[in-house]
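A.B. asks:
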Amino acid sequence: MKIGLLTNEIPPIVYGGVATWILNFLDMFQDDEDVEIIPIFLAQLDEPPSDFAERYPGIRIIHGPDDVKNVFADLDACINNLWVAFETTRTIKKTYPDKLMISVCHSLIRMEHITNLGGPITSNYFEQEITFQYSDVVVLISEAEKKYYTSFGYDKYGASPVVIYNSYTPKLDDESWRPDYSIDDIGYIGRHVPRKRPDLPIFAVEKSDRKDVRVFNMGVDYRGEQGNPFWEDLGRKHPKKLVIIPFSSNKETARFYWNSVGANSITGIYEPFGYTMCETLDRRVPAIVQNIDGPSEITANVQDSVFVYEVDQDFDKDVDNFLVATNNFWDTHADDRRAMAEHARTALDDFRPEVIKLKWKKLLLDTKAKSLAELDPKYKIEDWEERSSGHYGN
């Protein structure tokens, strides 16, 4: 079976969660005897570099609608990872209605719009909704995502919603490195958007009145003319407690971060899966983690070995909630922290590629494509932009 893996996010053009998923997926199916994965890049905004073919053997490029027919002619199915390029999804399905179209939902843009306080980047979430309409299957990356998907009425489409978690390959199975379990400093590493709440740890530590604890925050973006006034102000207010590490992909900088913290904070109010959660477990670093969404599902079987806090979504209340979990961490002896972290790491076994691959193979080999009429006979595409402005999910 030949499968096209369609994306417009792939290194070195784009790094991030989707790009990580793409690379993991290619590795997962390398040399598989039943399924051949063909990477397909949509050059919608970015032209591929000259060494793309060397980086990704067999890759195919779509520059526009006219390329779709040739690119997909010999393929049995498409695994679609486009977030908002619904025209391409629609063109593929209309050109080849009998080919299986599986769209992977890495994040519901409507949820991002709500939890990131709105904005032009996520206001076009209706485009993702159109993508769902032209899919045979929509893969959600956690049970929480499926609940959100259903709450917006997306399950009324012809596409079948299926949960398959992201795969994660532990990097430190055989490594001797361990954090210093006596450290009480805590940290946050990752993107800085409102839904991630990267400022929660410093407000909690400030409220604790502990003078001997620092917060390491890695990922602050100072690019652009405005810099980053919010974090510059926090740095001035907490010069002895807050250590700001600007965004960097440098491995030495990341190593400095992980060597500096006694616990890592997973603080989002919306997190579909959570690669940072997996990396924290992989490194055997104690985790202070929210009780919602992907991170809570990743740690479901090891809740007694992580420090869980209740998410209220009111920021001030969540400072208090986060502080309760942080106090629990501070009150835990270093030897117990180590034992908890070792046990917590066993949660990763459910997300190893060999486990997730079986779920994908079953979906690919057992699922048949639906006709366009079967997918959504009730609605016309022309109605969508108007209806998506407020009808669904209310």
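All the letters of the sequence shown, read from the start, carry residue numbers -1 to 392 under this note's numbering. For glycine and all other residues, C-beta sits at the position ideal for the given N, C-alpha and C. Every value quoted in this text rests on a predicted model; they were computed, and no experiment measured them.
1. Would you say Val203 and Val213 are within 8 angstroms of each other, going by their C-beta atoms?
2. Check each candidate in Phe271, Gly272, Asn22 and Leu3 and name the one with the smallest Cα separation from Ile59.
3. What are the boundary residues of the beta strand (DSSP E) that includes Gln78?
4. Leaving aside the five residues before and after Thr93 along the sequence, list all residues of the same chain whose C-beta is less than 8 angstroms from its C-beta, in chain order.
5. Use the C-beta contact count for Gln224: other C-beta atoms within 10 angstroms, 16 or more gives buried, fewer gives exposed.
6. Can you tell me whether Thr251 is buried or exposed? The criterion is at least 16 other CB atoms within 10 Å of its CB, across all chains shown.
7. Given Glu143, which residues of its chain have a CB within under 7 angstroms of its CB, disregarding the five upstream and five downstream residues?
8. Spatial neighbours of Val306 within its chain, please: C-beta separation below 7 angstroms, excluding the five flanking residues on both sides.
9. For Gln126, count neighbouring Cβ atoms within 10 angstroms of its own Cβ and tell me buried if that reaches 16, exposed if not.
10. Mapping DSSP to helix, strand and coil, what is Tyr255?
11. Who does Leu3 pair with in a DSSP beta bridge?
12. Give the range of the alpha helix (DSSP H) segment to which Gln406 is assigned.
13. Beta carbon of Gly156, beta carbon of Leu373: below 8 angstroms?
14. Hey, how far is the Cα of Pro9 from the Cα of His236?
15. Kindly confirm or deny that the region 38 to 53 and the region 20 to 30 touch, where touching means at least three C-beta pairs closer than 8 angstroms.
16. Helix or strand or just coil, what does DSSP make of Arg335?
17. Going by DSSP, what residue range makes up the beta strand (DSSP E) through Leu240?
18. How far does the beta strand (DSSP E) with Asn262 in it reach, from first residue to last?
19. At the level of alpha carbons, what is the spacing between Arg338 and Ser303?
20. For the region 181 to 201 and the region 162 to 171, state whether three or more C-beta atom pairs, one from each stretch, are separated by less than 8 angstroms.
21. For Gln301, does the three-state DSSP call read helix, strand or coil?
22. Could you tell me the distance, in whole angstroms, from the CA atom of Thr265 to the CA atom of Asp310?
23. Would you kindly report the start and end of the unbroken beta strand (DSSP E) that includes Asn465?
24. Give me the residue from Ala342, Ser180 and Met99 with the minimum Cα distance to Ala367.
25. Cα separation between Asp49 and Glu352?
26. So the candidates are Asn215, Arg53, Ala342 and Lys239; which of them puts its Cα closest to the Cα of Lys209?
27. By the DSSP assignment, the alpha helix (DSSP H) with Ser206 in it spans what residues?
28. Could you tell me the distance, in whole angstroms, from the CA atom of Lys0 to the CA atom of Trp358?
C.D. replies: Let me lay it out:
1. yes
2. Leu3
3. Reading off the sequence shown, one finds Asn at residue 78, where the question assumed Gln. Note, Asn78: beta strand (DSSP E), Ala75 to Asn78.
4. Val66, Lys67 and Phe70
5. exposed
6. exposed
7. Contacts found: Cys103, Leu106 and Pro270.
8. Val287, Asn289 and Ala323.
9. buried
10. helix
11. Pro37 and Ile77
12. Nothing about residue 406 can be read from this structure; the chain reaches only from -1 to 392.
13. yes
14. 36 angstroms
15. No, the region 38 to 53 does not touch the region 20 to 30.
16. helix
17. Leu240 to Pro244
18. Looking at the DSSP string, the run of the beta strand (DSSP E) that includes Asn262 is Ala261 to Ile264.
19. At residue 338 the sequence reads Met, which differs from the Arg that was named. Approximately 4 angstroms, taken between the alpha carbons.
20. no
21. Per DSSP, reduced to three states, the secondary structure at Gln301 is helical.
22. 12 angstroms
23. Missing from the structure shown is residue 465; the chain here goes from -1 to 392 and no further.
24. Selected option, being the one with the closest Cα: Met99.
25. Rounded to whole angstroms, the separation of the alpha carbons of Glu352 and Asp49 is 30 angstroms.
26. Lys239
27. Leu198 to Ser206
28. 14 angstroms
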